[in-house]
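Residue numbers (this note's numbering), protein chains in the order written: chain A, 1 to 175; chain S, 176 to 542; chain V, 543 to 955. Just below is one structure, and these are the notes that go with it.
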Amino acid sequence: MPATKSISGPQLAERISGAVPDAVEETADGWVQLRPQSLVDVCRYLRDDREIDGRYLNSVSGVDKFDYFEVAYHVTSLSHNHTFALKVRADHEQPEVPSVVPVWLGAHLQEREIFDLLGIRFTGHPDLKRLFLWEGFPGHPLRKDFMALPGGEHPGLQRFPKEEPGQWGGEARVD
Amino acid sequence: MSIKTEPMVVNIGPQHPSTHGVFRMRVTLDGERITDAEMVVGYLHRSMEKLAEERTWTQNIPFTDRMDYLAAMTGNLSYCLAVEKLAGIDVPERGQYLRVLFAELQRIASHAMANGTFVNDCGAWQTPLFYMFREREKILDLFEMVCGARLTLNYIRIGGVAFDLPDEFMPQLQALVDELPDRMDEYDSLLLDNEILLMRSRDVGIVSPELAMNASLTGPMLRGSGIAWDIRKADPYCVYDRMDFDIPVGHQGDCYDRFLVRMAEIRQSLRIIKQAMAQLPPGPFAAQVPLSLRPPAGEIYSRIESPKGELGFYLVSDGGPTPFRWHVRSPSLINLSALREMMVGQTVADAIVTLGSIDINVGEVDR
Amino acid sequence: MLARWYDFRDLGNGVARMAQALRDAGAPDGVVYALTALAGCLGILIFVGLTAIVNIWVERRLIGRMQVRRGPNRLGPWGLLQPVADAIKLIQKEVLTPRAADGTVFALAPILIFVPAMLAFAVLPWGEKMVLADLNVGVLYLLALGSTSAIMVFMAGYASNNKYALLGAMRVIAMLISYEIPSVLALLGVVVFAGTMQLSGIVQFQDFYWSWLIFFQPLAFLIFLLASTAELNRSPADIAEAESEIVAGYHIEYSGMKFGLFYAVELVNSMSVSAVIAALFLGGWWTFGLEEFVPGWMIFIGKLYAVYFLLIWFRGTLPRFRIDQLMALAWKGLLPLGLANVLLSALEVLIWQEYDVSAGIVLPIFAVVNFVLAGVLLVAFMRVMTRSFERLPKRARLVPDISVPLPGEPATA
Chain A
1 MPATKSISGP QLAERISGAV PDAVEETADG WVQLRPQSLV DVCRYLRDDR EIDGRYLNSV
61 SGVDKFDYFE VAYHVTSLSH NHTFALKVRA DHEQPEVPSV VPVWLGAHLQ EREIFDLLGI
121 RFTGHPDLKR LFLWEGFPGH PLRKDFMALP GGEHPGLQRF PKEEPGQWGG EARVD
Chain S
176 MSIKTEPMVV NIGPQHPSTH GVFRMRVTLD GERITDAEMV VGYLHRSMEK LAEERTWTQN
236 IPFTDRMDYL AAMTGNLSYC LAVEKLAGID VPERGQYLRV LFAELQRIAS HAMANGTFVN
296 DCGAWQTPLF YMFREREKIL DLFEMVCGAR LTLNYIRIGG VAFDLPDEFM PQLQALVDEL
356 PDRMDEYDSL LLDNEILLMR SRDVGIVSPE LAMNASLTGP MLRGSGIAWD IRKADPYCVY
416 DRMDFDIPVG HQGDCYDRFL VRMAEIRQSL RIIKQAMAQL PPGPFAAQVP LSLRPPAGEI
476 YSRIESPKGE LGFYLVSDGG PTPFRWHVRS PSLINLSALR EMMVGQTVAD AIVTLGSIDI
536 NVGEVDR
Chain V
543 MLARWYDFRD LGNGVARMAQ ALRDAGAPDG VVYALTALAG CLGILIFVGL TAIVNIWVER
603 RLIGRMQVRR GPNRLGPWGL LQPVADAIKL IQKEVLTPRA ADGTVFALAP ILIFVPAMLA
663 FAVLPWGEKM VLADLNVGVL YLLALGSTSA IMVFMAGYAS NNKYALLGAM RVIAMLISYE
723 IPSVLALLGV VVFAGTMQLS GIVQFQDFYW SWLIFFQPLA FLIFLLASTA ELNRSPADIA
783 EAESEIVAGY HIEYSGMKFG LFYAVELVNS MSVSAVIAAL FLGGWWTFGL EEFVPGWMIF
843 IGKLYAVYFL LIWFRGTLPR FRIDQLMALA WKGLLPLGLA NVLLSALEVL IWQEYDVSAG
903 IVLPIFAVVN FVLAGVLLVA FMRVMTRSFE RLPKRARLVP DISVPLPGEP ATA
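Okay, structure coming up:
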């Protein structure tokens with residue numbers, strides 16, 4: 001039974017640098033980090049190349065890493081049964097990443113979701129608007145500083161009113 | 176002289192008997208033909224991904240129940256597999272076989288519901304739905320026997336499963352397995368050869384293989400278009416590499432093909448269940464997992480084949496007790512990527528049938 | 543032959559006795575006519591009222607049984623009080639009128655839609671002397687009533703000021719108009735064969751020749767059954783109120799008793815159409831001599847419910863057609879079949895009357911010929927219309943392992 005192989009980062013970086021120069025920023029074992037400007041070209045190359053054959057986009061995920069945003073693309077080749085991962089960074093003030101919808105239509109809704117929840121704008125997206133939340137929602141909820149306490153370090157729901165111990169009768173439980 | 180016509184914008188949903196949940200479509204009609212379709216989701220958005228960053232890895236398992244609430248086992252399974260890969264936990268054999276057994280039972284239940292509601296959308300006043308619910312009820316009874324819940328199961332845990340099988344489980348499962356092939360033959364003769372169903376769903380909502388691959392469609396949508404791809408075969412998890420089963424594949428990617436694929440998948444799941452029952456080893460059903468699980472810092476993207484498609488989890492850990500990023504690759508949402516291409520040019524009746532054949536679950540679309 | 547007034551095998555006996563007594567007492571003809579008409583109307587109203595209530599129960603229990611479940615069984619023994627509960631619920635609900643709806647038309651539609659439904663019961667032969675209005679153009683009258691109900695449905699849909707209702711109303715108009723023609727042709731075959739448009743005359747024709755017209759006109763029976771299903775907006779042709787698509791179509795904005803009226807009218811219409819089929823094709827009150835022992839009207843109601851059972855069976859089993867498929871079925875399927883049936887019937891009647899052949903020889907031959915030709919035509923039409931289904935197999939292809947070819951490469955499996 002074949003298991004899906006994972007193309008290692010250095011191997012992929014080599015292939016990419018051969019085709020699209022100055023695209024790779026950083027290489028790690030599991031992923032290759034690209035410069036945002038060359039993202040679409042690299043993706044198109046990886047999709048059309050017969051040996052890599054990245055025709056199937058598994059998932060586009062956005063992560064907020066306090067100082068910068070990161071968008072991770074996981075791509076599979078169904079014919080060769082291997083998979084690889086690409087990453088792109090965007091800064092916190094004006095997060096902008098080129099959209100890969102021209103390459104893979106499957107990124108359409110996922111990029112809208114990332115824009116909605118994290119606020120990263122995807123340039124070149126045919127219809128970038130919020131997906132889950134309504135137009136006019138203040139802010140982007142999945143960011144780490146959404147609803148942060150003043151001087152905050154840990155985002156969360158602490159702003160919501162807490163129960164007082166013993167509020168509902170019974171013994172006051174001290175946690 | 177040409178008649179001046181105006182396109183009409185009709186809202187289908189969010190309250191509608193056939194949109195499988197609170198899902199809304201705004202279609203622009205020219206007479207009865209659809210010229211544009213736009214979907215509006217978010218009516219069931221519960222911000223699970225944000226909430227999950229507050230809770231520990233184990234406390235997040237019930238979230239996976241409530242995403243695709245019709246296939247809770249596979250939701251649990253996908254998440255637990257991801258966490259185990261991240262934390263490097265090995266699941267004992269019995270636990271793996273039990274996971275496979277219950278995942279396949281859940282697949283039968285989910286496909287029974289999907290096909291029943293699909294024929295319901297085609298207009299048969301719930302008769303096939305009630306017939307298929309007999310099997311689903313028996314499977315839900317089995318779930319209740321083993322973990323106490325019918326829908327939000329929370330059974331598959333990190334390191335294995337939550338409880339072992341009670342004594343009365345195997346005889347009841349054997350009874351179900353014995354009578355299911357006859358029932359499936361009955362449904363085949365009633366539904367698959369039904370001319371009206373063929374007229375309603377053949378050549379409706381066609382997705383070409385190229386569009387399917389480009390739009391990241393998964394599950395029966397991908398297989399209905401003729402692409403033979405199943406994660407259980409391509410990237411076997413648990414003990415699927417020891418199971419012998421086939422991949423059903425459709426012919427041209429219309430609604431009828433997806434319906435056929437789901438019916439055939441029920442039969443293949445039955446094969447897997449029989450093999451799992453025969454090969455079930457004794458022993459521990461779960462590994463010892465520390466109460467406060469802290470996987471090492473890193474990230475992982477892991478996926479399984481759920482009844483709706485490829486359910487993946489992208490987890491980023493910073494070494495703490497709670498996840499740093501908890502992202503779900505939800506098959507229902509991504510299967511909707513090609514919605515406009517499928518809808519344009521059809522009539523409203525066909526649009527409902529197509530939406531039924533995509534088999535979305537709004538809990539998963541919105542999370 | 544004046545039978546005893548208490549001969550309940552034909553309830554018309556009592557009325558005839560009463561009329562005779564009135565005439566003997568010297569009442570003018572107008573009064574006698576009015577009183578007998580009133581008696582008949584009363585009977586029909588009682589029947590329609592009872593039927594509207596009983597049918598709710600019958601339909602829900604039967605559909606439930608077909609769906610592997612019991613129907614309503616909580617209220618009363620076997621759920622018999624369920625219709626009462628439904629009626630009370632509908633009466634006490636708030637009747638909403640949308641502000642932008644056309645108020646007069648909106649209110650008139652459910653009332654007016656009852657009119658053709660009730661009028662159809664006037665010409666039905668419940669027994670030998672139990673026809674309220676024995677029109678000699680009874681069949682034509684029934685067909686005309688069927689056409690008028692289309693207008694009321696459109697009134698309801700248009701006045702609702704709702705896109706779903708408008709969609710439903712448009713579909714209904716197209717469908718009702720299309721299915722008029724096969725109905726007419728089917729009944730034309732019957733009329734040609736029986737020689738009269740009078741419904742009681744057709745029943746007497748079946749009495750005289752000691753057989754049911756269904757044996758001579760099987761194709762007409764099937765065409766009329768299917769066309770009636772479409773006219774009644776019942777499954778498999780219920781696109782007008784397709785619940786899973788346009789959520790109740792033309793009566794989506796109606797609530798409370800106005801909706802109750804639409805619901806009742808659908809049941810009453812089903813009854814009248816079933817009665818027409820029972821009268822024309824299944825012999826009405828005549829059943830091979832059984833009416834000597836069992837009252838004819840009871841037999842008639844029994845046959846009526848048998849046909850109604852067929853209609854419920856259709857609803858419980860079959861998925862729904864799409865509007866263009868229904869149109870295709872009417873124009874390309876039922877219309878040629880109806881024409882063929884009329885041609886055949888006319889030919890047979892010509893041979894029969896022109897050459898003055900004895901009925902005993904000729905009628906069995908006609909029956910056999912009609913059945914064989916009906917079978918042949920139906921199978922041929924079905925083969926032609928479902929030709930495209932054989933293009934691709936009706937089962938999924940099973941592949942043992944994953945195989946996705948690269949673009950440009952041929953598939954390996």
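For glycine and all other residues, C-beta sits at the position ideal for the given N, C-alpha and C. These numbers come from a predicted model, not from an experiment.
Own chain partners of V352 of chain S with C-beta closer than 7 Å, once the 5 adjacent residues on each side are dropped: Here residue 352 of chain S is taken as the residue at index 177 of the second sequence, counted from 1. L445, I448, K449, listed in sequence order.
Can you give me the start and stop residues for the beta strand (DSSP E) that Q33 of chain A sits inside? Counted from its first residue, the first sequence places residue 33 of chain A at position 33. Run containing Q33 of chain A: 32-34, per the beta strand (DSSP E) assignment.
Three-state secondary structure (DSSP) of G270 of chain S: To locate residue 270 of chain S, count along the second sequence from 1; it is residue 95. Looking at G270 of chain S - three-state DSSP - the assignment turns out to be helix.
Bridge partners - V60 of chain A, DSSP secondary structure assignment: The sequence position of residue 60 of chain A within the first sequence is 60, counting from 1. For V60 of chain A, which the question treats as bridged, DSSP gives the partners A:Y73.
Cβ neighbours of G798 of chain V in the same chain (closer than 7 Å, five flanking residues each side left out): The residue you call residue 798 of chain V lines up with position 256 of the third sequence. Excluding sequence neighbours, G798 of chain V sits near L632, K635, E636, V637.
Proximity of G531 of chain S and F293 of chain S at Cβ, strictly below 8 Å: Taking the first residue of the second sequence as position 1, residue 531 of chain S is located at position 356. Taking the first residue of the second sequence as position 1, residue 293 of chain S is located at position 118. Cβ atoms of G531 of chain S and F293 of chain S: closer than 8 Å.
Is there a Cβ of chain S sitting closer than 8 Å to that of S786 of chain V, yes or no? Within the third sequence, the letter at position 244 stands for residue 786 of chain V. Per-residue confidence for S786 of chain V stands at a pLDDT of 47, beneath the threshold of 50, marking its modelled position as unreliable; no derived number is given.
How about A3 of chain A: is its C-beta nearer than 8 Å to some C-beta of chain S? The residue labelled residue 3 of chain A in the question sits at position 3 within the first sequence. So, interface residue.
Going by alpha carbons, who is nearest to G401 of chain S out of S:A409, S:S383, S:A439? The residue labelled residue 401 of chain S in the question sits at position 226 within the second sequence. For G401 of chain S, the nearest C-alpha among the options comes from S:S383.
Buried/exposed call for R616 of chain V, threshold 16 Cβ in 10 Å: What you label residue 616 of chain V is simply residue 74 of the third sequence in a count that begins at 1. Result: exposed.
Out of S:L276, S:A262, S:L514, S:P482, which has the shortest C-alpha to C-alpha gap to Y330 of chain S? Residue mapping note: residue 330 of chain S aligns to position 155 of the second sequence, counting from 1. Closest by alpha carbon: S:L276.
Please compile the residues from chain S whose C-beta is within a distance smaller than 7 Å of the C-beta of H74 of chain A. Here residue 74 of chain A is taken as the residue at index 74 of the first sequence, counted from 1. By Cβ distance, chain S contributes Y476.
Do we get a CB-CB distance below 8 Å when we pair H108 of chain A with the residues of chain S? Along the first sequence, read from residue 1 onward, the residue named residue 108 of chain A stands at position 108. Yes, because at least one Cβ of chain S sits closer than 8 Å to the Cβ of H108 of chain A.
Less than 8 Å between the beta carbons of G428 of chain S and G399 of chain S, yes or no? Counted from its first residue, the second sequence places residue 428 of chain S at position 253. Counted from its first residue, the second sequence places residue 399 of chain S at position 224. In this structure, G399 of chain S lies closer than 8 Å to G428 of chain S by Cβ.
Spatial neighbours of R241 of chain S in its chain, beta-carbon cut-off 7 Å, leaving aside the 5 residues before and after: Along the second sequence, one-based indexing puts residue 241 of chain S at 66. Result list for R241 of chain S: T327, G538, in chain order.
Hey, quick one: how far does the alpha helix (DSSP H) through K260 of chain S stretch, first residue to last? As a first step, residue 260 of chain S must be located in the second sequence, where it is residue number 85. Counting along the chain, the alpha helix (DSSP H) containing K260 of chain S begins and ends at 247-262.
Kindly indicate the opening and closing residues of the alpha helix (DSSP H) around Y706 of chain V. What you label residue 706 of chain V is simply residue 164 of the third sequence in a count that begins at 1. Where Y706 of chain V is concerned, the enclosing alpha helix (DSSP H) stretches over 705-736.
Given a cut-off of 8 Å, decide if V574 of chain V and A594 of chain V are closer than it, judged by their beta-carbon atoms. Within the third sequence, residue 594 of chain V is the residue found at index 52, counting from 1. Within the third sequence, residue 574 of chain V is the residue found at index 32, counting from 1. Not in contact: A594 of chain V and V574 of chain V (Cβ atoms no closer than 8 Å).
How is T83 of chain A classed by DSSP in three states: helix, strand or coil? For the purposes of this step, residue 83 of chain A is taken as residue 83 along the first sequence, with counting starting at 1. DSSP places T83 of chain A in strand when its eight states are reduced to three.
What residues of chain S sit near V63 of chain A, judged by a beta carbon separation below 7 Å? As a first step, residue 63 of chain A must be located in the first sequence, where it is residue number 63. Ordered by position in chain S, the residues that pass the 7 Å Cβ test against V63 of chain A are V491, R500.
Are the C-beta atoms of L948 of chain V and some chain A residue less than 8 Å apart? Within the third sequence, the letter at position 406 stands for residue 948 of chain V. Yes, L948 of chain V counts as interfacial toward chain A.
What span of residues does the beta strand (DSSP E) with H502 of chain S cover, start to end? For this step, residue 502 of chain S is matched to residue 327 along the second sequence. 500-504 is the extent of the beta strand (DSSP E) around H502 of chain S.
Is the shortest distance between the beta-carbon of S59 of chain A and the beta-carbons of chain S less than 8 Å? Residue 59 of chain A sits at position 59 when you count from the first residue of the first sequence. For S59 of chain A, the answer is yes, since a Cβ of chain S falls inside 8 Å of its Cβ.
Secondary structure of L486 of chain S, DSSP reduced to three states: Here residue 486 of chain S refers to the residue found at position 311 when the second sequence is read from its first residue. Three-state DSSP puts L486 of chain S in a strand.
Threshold first: 4 residues or longer. Then list the alpha helix (DSSP H) segments lying entirely within the region 799-857 of chain V, N to C. none
Any beta-carbon of chain S closer than 8 Å to the one on F132 of chain A? Sequence index remark: in the first sequence, residue 132 of chain A carries index 132 (1-based). Chain S contact via Cβ: present.
Cβ neighbours of D644 of chain V in the same chain (closer than 6 Å, five flanking residues each side left out): Indexing the third sequence from 1 puts residue 644 of chain V at position 102. Answer for D644 of chain V: A701, listed in chain order.
Check for me: the beta strand (DSSP E) holding S481 of chain S runs from which residue to which? Position 306 of the second sequence, counted from the first residue, corresponds to residue 481 of chain S. Per DSSP, S481 of chain S belongs to the beta strand (DSSP E) from 473-481.
Looking only at DSSP bridge pairs, what is R515 of chain S linked to? Counting from one through the second sequence, the residue named residue 515 of chain S turns up at place 340. Answer is none; R515 of chain S lacks a bridge partner.
Are there any heavy atoms of the ligand ATP lying less than 7 Å away from the beta-carbon of G425 of chain S, as far as the coordinates show? Only the bare structure without any ligand can be found here, which leaves the ligand ATP out of the picture.
Using Cβ-Cβ distances below 8 Å, what residues of the region 41-58 of chain A are close to chain V? R50, D53, R55
Buried versus exposed call for V836 of chain V [16 or more other C-beta atoms within 10 Å across all chains shown]: Locating residue 836 of chain V in the third sequence gives position 294, where the first residue counts as 1. Classification for V836 of chain V: exposed.
With C-beta atoms as the reference, is G106 of chain A less than 8 Å away from A390 of chain S? Here residue 106 of chain A is taken as the residue at index 106 of the first sequence, counted from 1. Here residue 390 of chain S is taken as the residue at index 215 of the second sequence, counted from 1. Cβ distance < 8 Å, so G106 of chain A and A390 of chain S count as in contact.
Determine whether the Cβ of K483 of chain S lies closer than 8 Å to any Cβ atom of chain A. Here the question's residue 483 of chain S lines up with position 308 in the second sequence. Not one chain A Cβ lies under 8 Å of K483 of chain S.
What would DSSP say about E670 of chain V, mapped onto helix, strand or coil? The count along the third sequence starts at 1 and reaches residue 670 of chain V at position 128. In the structure shown, E670 of chain V sits in coil (DSSP, three-state: anything other than H, G, I, E or B).
Looking at C-alpha atoms only, which residue of V:L919, V:I719, V:W752, V:F648 is the closest neighbour of L881 of chain V? By 1-based counting over the third sequence, the position of residue 881 of chain V is 339. Here the closest residue by C-alpha is V:L919.
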